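Chains as they are written, first to last, in our numbering: chain A, 3 to 899; chain B, 434 to 604.
Only one structure is covered here, and it is reproduced in the block below.
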Amino acid sequence: MPTIYIDNKPFDVKTGKNLLEACLSLGLDLPYFCWHPAMGSIGACRQCAVKVFKDEEDTRGRIVMSCMEGVKDGLRVSINDETAKAFRSQVVEWLMTNHPHDCPVCDEGGSCHLQDMTVMTGHNYRRYEFKKRTYTNQYLGPLINHEMNRCIQCYRCVRFYKDYAGGKDLNVFSAHNHVYFGREKDGVLQSPYSGNLAEVCPTGVFTDKTLKEHYTRKWDLTNAPSVCQHCSLGCNVIAGERYGKLRNIVNRYNGEVNGYFLCDKGRFGYEFVNSENRITQPLIRNQTIEATAYDKLIQHAGKLLSGHTLVGIGSPRASLESNYALLELVGKENFYQGIPDDLAYVEQKIVDILESGAIHTPSLKEIEEADAVLILGEDIWNTASVMALAVRQSVMKTAANHTTEQIPLPSWQDLAIKELVQETKGFLANVTVVPSPLDEIAAVSMRAAPDDLARLGFAIAHVLNPSLPEVPDAGEMINTQAAIIGKALQQARHPVIITGTSCWSNALIRASFDIAATLNAGLAFVLQECNSLGLAMMRAPSFEKAAAYAEETTNITAIILENDLYRCIPAIEADTFFSKCKHIIVLDTLHNRTTEKAHVLIPAATFAEADGTFVNNEGRAQRSCQVFMPANKEIRESFKWLSDIRTLQTTAGNGHERNPDDLLLAFENRFPKFAGISKVAPPHNFRIHGARIPREAHRYSGRTAMTANMAVSEPKPLQDDDSSLSYTMEGYRGLPPAPLIPFFWSPGWNSGQSVNKYQQEVGGMLKGGDPGIRLFEKTTTLPAFYQDAPEAFVPRPDKWMLLPQYHLFGSGELSVYTAGIASLSSGPYVSLSKHDAERHHVRNGDMVSVKADNKTYTFPLSIQESLPDGIVLVPAGLRGTDALSWGSWVNISTEIV
Amino acid sequence: MISHLRTMWLVFIHLFHKKVTIEYPEERAPLAARWRGRIVLTKDPDGGERCVGCYLCAAACPVDCIALQATEDEDGRRYPAFFRINFSRCIFCGYCEEACPTYAIQLIPDFEMGEYKRQDLVYEKEDLLIDSQGKYPGYNFYNVAGLDAGVKEKGKGSNEEEPVDIKSLLP
């Protein structure tokens, strides 16, 4: 470990880092703009200048850019040297010559890296007397706002958008002091990671347009650490509230999961919390006055429960607490997963594999560090967007690592490495049903039906381990591809296999397991909802089992927890189920087709209004904390409603509300597989020096005025009995434990860049370890290979295999409540292969009818060139569309309009 | 004895001194223009609201008695959707005026704000907004800001160059 001397004080630093990283990791303040911990150094902004001395005697020294200087033993540096300080303040002064006088109307103000750095360098008065440069702005879509005047030319936006995220439609134009960062012409930014520009840009050129709709400064937000609800990856986010409305979502760094970046669905898909469509009032239907109050509702629910046969339907998007509270209420034997049988079967297989301990399931960070990736059947671009970003980093980093093994270059030397690497890429095989933008960086990309993909998987397993059986009648295509992919995976040191449930295919999971187990590779699964894995681990039967039970039993009271069954169960089956139930109690956040069926409707809290624990795709249990208490007291967490109903029913409780900690402890005792989840976050009575952790910044404003219009006497601050976070600005101001970081802030660092003060080292894990507890670890168990390749997929003459096409924007149940996301989501369509379309003489835009689940759906045709024959794709989960029996064989008919 | 007489004399000649007491409310004390009294929100020379909803006054307020919500019109011009000052908490320190980057919030020489009910001391935007530019006539924030919010186009503000033609190759 080299020792460097900063202003004559010795410090031990880590090898291979640059001086800027080393200084920041030591907690020293050094201004910078162009450097980003995830993107390395290019030395463009000249802001991080320090003085380096030859030896102890050297008094003159030389100015260097600390981001471009590697650390070496005995290096003598001065940050506080007068010339270095003068240099830095001059650089900021130059950058500020053209920066507009906009801060009061700029959304970045108060969390602006440029403001912080300007203050840090001491520049406060504009001496430049000439005019300011101006630019015209561009329309960049409904999610990102553009105000080009504010640009300081640090190039971070294009380095992120093009180099890091692989976007193509943002670039730098023009020359010298006229450079312009934008698109070729106005238009929606195409990359699903464009929202990160708002955080990457050190100033207000790119800002969050959804925040602009209800703008609030960072210091005025009530924040809490939360977990993204829109896919199974469980990215860590910080959600901010003001005046009872959720205002924005920003990234919460978690070194193992999402790192520095989020996808646009996660960042912008929060508006459902503020939706007009929220359920705000408990209802008992079929009586004169349907609206009811808490006491009456609990009593009524109690009546419906006692003496009836109970069916509890859980939800993959509800927290573990809520699912468990339902299980407690209805009893384990009456608890069902609210998902179709086929999906439950696939998920069960995943849980079996994970629980066997035979393979390791990698975190997103490990996927980034993999040196060969095989994606088998999962459209991760749409179903797990941030994982696609991680895969891209793996492809790029592998090539860079190969290069730096030959030529000794530090990994942070971004530009030099890019020059050397050129177009070389790491190995990625993207073998899926549908094409994806990842194909551009894939060494092998192949389209086939799920069964054929599984056959390819088994063929690869056979290549890797000839003792595994050969795939019968594999054909040349599969054998050649298997040989190529197998060889690449064999050569890799850290291969990763990615698969998932979006093909609704069990064979794919088995094939992926055989490959991963042979190679001892990481095997990552992608599931559908934020708590799919948590629910699957409870091993409850599927919805079909509940429906079959309802068929043969009378007097059923069904309790449906935060689950719109019409989104995953074909309408006819759901209707039949509901018609068999005598009473239907539904707890949910938003009105939907299932809540319409409810006889008793109970308003549940969203993730922002509730505490909850979620298990992500790698089996990491993570806590999401309540961001704000809804002003409407009728909206309560599902587990509280369910526990209260149970208390009344069993008269077991002593009137005390149970907090989530107790619930999780009971859960752990009942399901030992979940051991440890009660310790995911510190308990509710955790205090630091007797103080709670404040959700509000110390500069939170308006306490004595925000409710003064209703009553001039200020109410007592809200009391949070469920977590150790407080609803005030008072409390412990130091570093909170990592799972409870409500926002990133440090003196002098108001922007999100202050995260470096919370990390053990820059880009490393948070102090105290990254949040979340992994529930599965690899053991020494020997793998039991499946070895059962399915039959080859053969297109049938008049039947098509119905498969879902997921869309990042549109397929989410909750995210489409954001107007911007809804406007970017696709309408319904039907996709056929080019050959199939020609065979039926239909062209793009012609209306095609799909007969599925006793209904006919007519949508315009969109021909997918590379789609295998015999498959029909229909977008899944679009708002207002029915769930279909994915994976079934359907009839289609064509009518030319 | 002499001391007593002296005292009486001194008291007596006060009869002929100028009176210090002001017969309020019949008579009113002259207040300086910079006297810190009732808070108002002023308007731009073009008649629009000066407040751009930047939240700096609220952040500066030591008793946290200012609450507002910024919103935008179709031109992108910011204004407060609501602006509330709880005068029963206000200490008239003037920090809000000092913090205001647009001269919108101003303290004026008026202190006659007594109310029988404390609730009546909560002033909303309608109560605060006056139809005047206050102490800084002629100032419009959007003329000096870079933003185009319907007040001036890009490059038309004071101290601004015409927008860059990014297609030009000239130096």
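Backbone N, C-alpha and C fix where the C-beta goes; we use that ideal spot for every residue, glycine too.
Quick caveat, the model's predicted, so the values are computed rather than measured.
Can you tell me the Cα-Cα spacing of V259 (chain A) and R219 (chain A), whole angstroms?
For V259 (chain A) and R219 (chain A), the gap between their C-alpha atoms comes out near 27 Å.
Of the residues that make up the stretch 144–155 of chain A, which ones have a beta carbon closer than 8 Å to any beta carbon in chain B?
Listed by position, the residues of the stretch 144–155 of chain A near chain B (Cβ gap below 8 Å) are E149, N151, R152.
Between which residues of its own chain and L411 (chain A) is the CB-CB distance below 8 Å, once the five residues before and five after are set aside?
Scanning its chain for C-beta atoms nearer than 8 Å, with the 5 sequence neighbours on each side dropped, one finds around L411 (chain A) the residues T405, A418, I419, L422, in chain order.
Candidates A:Q624, A:G678, A:W506, A:D664: closest to L742 (chain A) by CA position:
Answer by Cα proximity: A:Q624.
What is the rounded straight-line gap between the Cα of L329 (chain A) and the Cα of N336 (chain A)?
In a straight line, the C-alpha of L329 (chain A) is about 8 Å away from that of N336 (chain A).
Which same chain residues, not among the five before or five after P806 (chain A), have their C-beta less than 6 Å away from its C-beta?
Same-chain partners within the cutoff: A878, W888.
By the criterion of Cβ-Cβ separation under 7 Å, what are the contact partners of N592 (chain B) in chain A?
Residues of chain A whose Cβ lies closer than 7 Å to the Cβ of N592 (chain B) are, in chain order, K133, K134.
Determine, using beta carbons only, whether E598 (chain A) and T578 (chain A) come nearer to each other than 9 Å.
Taking the C-beta atoms as reference points, T578 (chain A) is found no nearer than 9 Å to E598 (chain A).
Going by beta carbon distance, what residues of the same chain come within less than 7 Å of V899 (chain A), once the five residues before and after it are set aside?
Legend: pLDDT at V899 (chain A) = 47, less than 50; position of this residue unreliable, no value from coordinates given.
In this structure, what does DSSP give as the bridge partners for S626 (chain A)?
Its beta-bridge partners are A:G614.
Shorter than 9 Å from the beta carbon of F574 (chain B) to some beta carbon of chain A?
Yes, contact with chain A.
Candidates A:A821, A:Y157, A:C505, A:K87, of which the one nearest E349 (chain A) by Cα:
It is A:C505 whose Cα lies nearest to the Cα of E349 (chain A).
Does C583 (chain A) come out as helix, strand or coil in the three-state DSSP assignment?
Here DSSP, grouped into helix, strand and coil, assigns C583 (chain A) to strand.
Can Y1 (chain A) and A167 (chain A) be called in contact, C-beta distance under 9 Å?
Because chain A in this structure spans residues 3 to 899, residue 1 (chain A) falls outside the shown range and cannot be described.
For chain A, is any of its Cβ atoms less than 9 Å away from the one on D543 (chain B)?
Contact of D543 (chain B) with chain A is not assigned, every C-beta pair being separated by 9 Å or more.
Short CB-CB distance (under 9 Å) between V899 (chain A) and chain B:
Reliability fails at V899 (chain A), whose pLDDT of 47 lies under 50, so the model's placement of it is uncertain and no value is given.
Inter-residue Cα distance where the pair is L592 (chain A) and I281 (chain A)
The alpha-carbon atoms of L592 (chain A) and I281 (chain A) are separated by roughly 5 Å.
Taking Cβ positions only, does E595 (chain B) come closer than 9 Å to chain A?
Answer yes: the Cβ-Cβ gap between E595 (chain B) and chain A drops below 9 Å somewhere.
Simplified DSSP assignment, three categories, for E243 (chain A)
In the structure shown, E243 (chain A) sits in a strand (DSSP, three-state: E or B).
Given that a residue counts as buried once 16 or more other Cβ atoms are within 10 Å of its Cβ, and exposed if not, what is Q301 (chain A)?
Exposed, since its Cβ has fewer than 16 Cβ neighbours within 10 Å.
If we cut at 9 Å on Cβ distances, does E557 (chain B) have a partner in chain A?
Taking 9 Å as the CB threshold, E557 (chain B) lines the interface with chain A.
Cβ of S715 (chain A) within 9 Å of any chain B Cβ:
Closer than 9 Å to some Cβ of chain B, the Cβ of S715 (chain A) qualifies, so yes.
Under 7 Å Cβ-Cβ, which residues of chain B neighbour D222 (chain A)?
Neighbours of D222 (chain A) on chain B, chain order: Y488.
Y859 (chain A), DSSP secondary structure in three states:
If DSSP states are grouped into helix, strand and coil, Y859 (chain A) belongs with the strands.
Check the Cβ-Cβ distances between F175 (chain A) and every residue of chain B, and say whether any is below 9 Å.
Chain B contact via Cβ: present.
Backbone secondary structure at D454 (chain A) - three-state DSSP
If DSSP states are grouped into helix, strand and coil, D454 (chain A) belongs with the helices.
Just the Cα atoms here: how many angstroms apart are Y549 (chain B) and P696 (chain A)?
When rounded, the distance between both Cα atoms is 37 Å.
Assigned exposure category for I14 (chain A) - 16 Cβ within 10 Å defines buried:
The residue asked about is misnamed: residue 14 (chain A) is Asp in this sequence, not Ile. By the neighbour-count definition (other C-beta atoms within 10 Å, threshold 16), D14 (chain A) is an exposed residue.
Reduced DSSP secondary structure (H/G/I, E/B, other) of A509 (chain A)
Residue state, collapsed to three classes: helix.
Opposing strand residues paired with G812 (chain A) [DSSP bridges]:
Secondary-structure assignment with DSSP links G812 (chain A) through no beta bridge to anything.
Chain-order list of residues whose beta-carbon lies under 8 Å from that of I563 (chain B) (same chain, five-residue window excluded):
Within the same chain, Cβ atoms closer than 8 Å to the Cβ of I563 (chain B) are found at V473, L474, T475, K476, the five residues on either side in sequence being excluded.
Residue-chain proximity (R735 (chain A), chain B), Cβ-Cβ < 9 Å
It does not; no Cβ of chain B falls within 9 Å.
Within the same chain, show all residues whose beta-carbon is closer than 7 Å to that of T555 (chain A), passing over the 5 residues directly before and after it, in chain order.
Result list for T555 (chain A): T311, in chain order.
Cross-chain neighbours of Y1 (chain A) in chain B, by beta carbon under 9 Å:
Within the shown structure, residues of chain A are numbered from 3 to 899, placing residue 1 (chain A) beyond reach of any answer.
Rounded to whole angstroms, what's the CA-CA distance from V555 (chain B) to G704 (chain A)? Just pull it up for me.
Using only the alpha carbons, I get a separation of about 13 Å.
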